[in-house]
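Top to bottom, those sequences are chains A and B. Take 0 as the starting number for the first sequence in numbering that gives the first Met the number 0 and just add one per residue. Take 0 as the starting number for the second sequence in numbering that gives the first Met the number 0 and just add one per residue. Even for Gly, the Cβ is constructed at its ideal location relative to N, Cα and C.
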Amino acid sequence: MKGKFEVSDLLLSWSIPGVALLFWYGTTLGQSSTSLFPSPAEVGEALIRLTQDGTLAKNIQVSTLRAVAGFMIGGFIGFVLGVVTGQFRVAEKILNTPIQMVRNVPHLAMLPLILIWFGIGETAKIVLISLGTFFPIYLNTFHGIRYVDDSLIEMGKTYGLNRLELFKDIIFPGSLSSILIGVRQSLGRMWLTLIVAETVAAKSGIGFMATNAREFMLMDVIVLSLVIYALLGSISDYAAGLIEKRVLRWHSNYRNT
Amino acid sequence: MSEVNGFLIKIQNISKNFGDVQVLKNINLLVEPGEFVALIGHSGCGKSTLLRLISQLEVPTDGQITLDDTVVKKINPAVRYLFQEARLLPWKSVWENVAIGSKDRSKAKAFQALQEVDLANKAEEWPAVLSGGQKQRVSLARALAGEPKLLLLDEPLGALDALTRINMQGLIEKLWSDQKFTVVLVTHDVSEAIYLADRVVLIENGKIALDKKITLARPRVKDSSFAYFERLILDRVMKTNEETASKASDQIFAI
Chain A
0 MKGKFEVSDL
10 LLSWSIPGVA
20 LLFWYGTTLG
30 QSSTSLFPSP
40 AEVGEALIRL
50 TQDGTLAKNI
60 QVSTLRAVAG
70 FMIGGFIGFV
80 LGVVTGQFRV
90 AEKILNTPIQ
100 MVRNVPHLAM
110 LPLILIWFGI
120 GETAKIVLIS
130 LGTFFPIYLN
140 TFHGIRYVDD
150 SLIEMGKTYG
160 LNRLELFKDI
170 IFPGSLSSIL
180 IGVRQSLGRM
190 WLTLIVAETV
200 AAKSGIGFMA
210 TNAREFMLMD
220 VIVLSLVIYA
230 LLGSISDYAA
240 GLIEKRVLRW
250 HSNYRNT
Chain B
0 MSEVNGFLIK
10 IQNISKNFGD
20 VQVLKNINLL
30 VEPGEFVALI
40 GHSGCGKSTL
50 LRLISQLEVP
60 TDGQITLDDT
70 VVKKINPAVR
80 YLFQEARLLP
90 WKSVWENVAI
100 GSKDRSKAKA
110 FQALQEVDLA
120 NKAEEWPAVL
130 SGGQKQRVSL
140 ARALAGEPKL
150 LLLDEPLGAL
160 DALTRINMQG
170 LIEKLWSDQK
180 FTVVLVTHDV
190 SEAIYLADRV
200 VLIENGKIAL
210 DKKITLARPR
220 VKDSSFAYFE
230 RLILDRVMKT
240 NEETASKASD
250 QIFAI
């Protein structure tokens, strides 16, 4: 029974991408290869060509490393600051206003500044991704901690839990579902920022591959880059979903689904 | 375990204000080691506040409370508090929740406490799958895992259905008579107070209005002498009600 459900779920969740692929195939059938939109077959050929000469693997690796490094740094800082402002009213008073002010500036608008400060090397991209991933995790950690059930904290106090135990056993697990929402939002912003950074200023990565292909009108490579972005995004979202299911398995929303 | 190992509670001249409102007015009460005392009264009379003061969840405005002649200054690990809701941590399994009650988070002690409330078979479950009565039994086990000398019960049975309530009352009485800790129970159910307690204390308008020893043999049955105590205490509760009501009408006439 359970296996059957999983197969039909899989079919359902891939039905629209499947139809889109068929539609794409149908509309590009029989056109010349110099057209403005390549056929699936041409993109497939590009995939094989770039896999064989190794550029695809290298670019995916470079892009993924940048994304992960930026996410780790931004996420870590966001988490730590969220914990501090969530736990201490004084820290909230000092930090929250400046953080909210900076938040209202779109982080991509800082790109020129960051390029001047850090050049077009790896640092600039990682800084930009860190900035993009910082806010969702910061905000959701802060709110998660603030909305932990007070009655549970009171229970912890009557059972003599110290500050560290209160955090480890009650406050952190209680805010985890909110933090994970922040992680998901941050993952979306991570890919977005990466694409922009690699398109504007890079000498490697998927974004560079697409920009470079534009110079030579290699439509198949451009479309292939888009498909790869979509896949990377789905993979990271899927991974986040698995982590959610695992760490929130006590929650009725995540049980047996 | 027949020897008494409960705390002696001395409540001396306790007052408690919340802003301008005086909730408790100069309360004096002595609870013997191993005694089972029930605090009853209308909601808002201050009975829960008194319980929170004993546990140091609140600090008194005036007066002091001593446990075995030590002034209560901070939360005492030998005092356990049972809330109206079970307050289990949903992200910990049942036995991990119980282990919080023992100082060294011992699994063996947790299982032993679960055995006492007859829930050892649910030890590995998440709290979310338990019924209301089972949750409250787990929170009772959590309180017992710390080998308490004083158990403070803040209407822990208030939200349970009638049958589960009767079971829980029996369980609490059995554990109390086995382990001989002191118990202070807050309830608004006079019958429950008489069924369980050695002494029933009525609190009205922040003062002790009645302090009655229940001299019925245990285990108690709801016979005519039980009904006598029930009538006596209920009459007293209703009388203060009428008084305040007539006072209020006097005031209306005065205007």
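- Close partners of residue 172(A) in chain B (Cβ separation under 9 Å): 88, 89, 90 and 91.
- In this structure, the beta-carbon distance from residue 202(B) to residue 106(B) does not fall below 9 Å.
- Listed along chain B, the residues sitting closer than 8 Å to residue 168(A) by beta-carbon distance are 88, 91 and 99.
- Proximity of residue 79(B) to chain A, defined by a Cβ-Cβ separation below 9 Å, is satisfied.
- Flagged as an interface residue toward chain B: residue 150(A), by a C-beta distance shorter than 9 Å.
- When the five nearest sequence neighbours on each side are left out, the beta carbons in the same chain lying within less than 6 Å of the beta carbon of residue 143(A) are those of 174, 177 and 178, in order along the chain.
- Annotated three-state conformation of residue 44(A) is helix, per DSSP.
- Listed in chain order, the positions of the region 51 to 62 of chain B with a beta carbon within less than 8 Å of a beta carbon of chain A are 54 and 56.
- Setting aside the 5 residues that flank it on each side, residue 113(B) is surrounded in the same chain by 93, 94, 97, 119, 121, 122, 137 and 140, each with a C-beta closer than 8 Å to its C-beta; the list follows chain order.
- Close to chain B, meaning a Cβ-Cβ distance shorter than 7 Å, are the following residues of the region 154 to 166 of chain A: 154, 156, 157, 158 and 159.
- At a cut-off of 9 Å between C-beta atoms, residue 46(B) does not count as an interface residue with respect to chain A.
- DSSP places residue 124(A) in the helix class (H, G or I) of the three-state scheme.
- When the Cα atoms are used, residue 108(A) and residue 138(A) turn out to be separated by approximately 20 Å.
- With 16 or more other Cβ atoms from the protein chains shown falling within 10 Å of its own Cβ, residue 75(B) counts as buried.
- If you ignore the 5 residues before and after residue 77(A), its C-beta comes within less than 6 Å of the C-beta of 133, 136 and 137, all in its own chain and listed in chain order.
- The beta carbon of residue 151(A) sits closer than 8 Å to the beta carbons of 169 and 173 from its chain, once the five residues preceding and following it are set aside; these are given in chain order.
- At least one CB atom of chain B sits nearer than 9 Å to the CB of residue 175(A).
- Apart from the 5 residues on each side of it in sequence, residue 228(A) sits with its Cβ closer than 7 Å to the Cβ of 190, 194 and 205 in its chain, given in chain order.
- The secondary-structure analysis by DSSP pairs residue 214(A) with nothing; it has no beta-bridge partner.
- By the 16-neighbour rule on beta-carbons within 10 angstroms, residue 99(B) is buried.
- Separation of residue 87(A) and residue 250(A) (C-alpha to C-alpha, rounded to the nearest whole angstrom) is 28 Å.
- Taking a Cβ-Cβ cut-off of 9 Å, the neighbours of residue 127(B) in chain A comprise 249, 250, 251 and 254, given in sequence order.
- Within the DSSP bridge table, the entry for residue 69(B) names 66(B) as partners.
- Going by DSSP, residue 21(B) is part of the beta strand (DSSP E) stretching over 20 to 30.
- By the C-beta density criterion, residue 219(A) is buried, having at least 16 other C-beta atoms within 10 angstroms.
- Closer than 9 Å to the CB of residue 84(B) there is at least one CB belonging to chain A.
- Interface annotation, residue 8(B): not in contact with chain A, CB-CB separation never under 9 Å.
- Looking at the backbone, the Cα of residue 208(A) and that of residue 160(A) are separated by about 54 Å.
- The shortest C-alpha to C-alpha distance from residue 12(B) to any of 192(B), 61(B), 39(B) and 126(B) is the one to 61(B).
- In terms of Cβ geometry, residue 117(A) and residue 126(A) form a close pair [threshold 9 Å].
- Under the 9 Å criterion on CB atoms, residue 155(B) is classed as non-interfacial with respect to chain A.
- Against chain A, a Cβ distance below 8 Å from residue 213(B) picks out nothing, because the smallest value is about 28 Å.
- Listed along chain A, the residues sitting closer than 8 Å to residue 74(B) by beta-carbon distance are 156, 157 and 159.
- With respect to chain A, the C-beta atom of residue 131(B) has no partner C-beta closer than 9 Å.
- Between residue 151(B) and the set 82(B), 14(B), 228(B) and 59(B), the nearest pair of CA atoms involves 82(B).
- Between residue 10(B) and residue 39(B), the C-beta gap is not smaller than 9 Å, which leaves the two residues out of contact.
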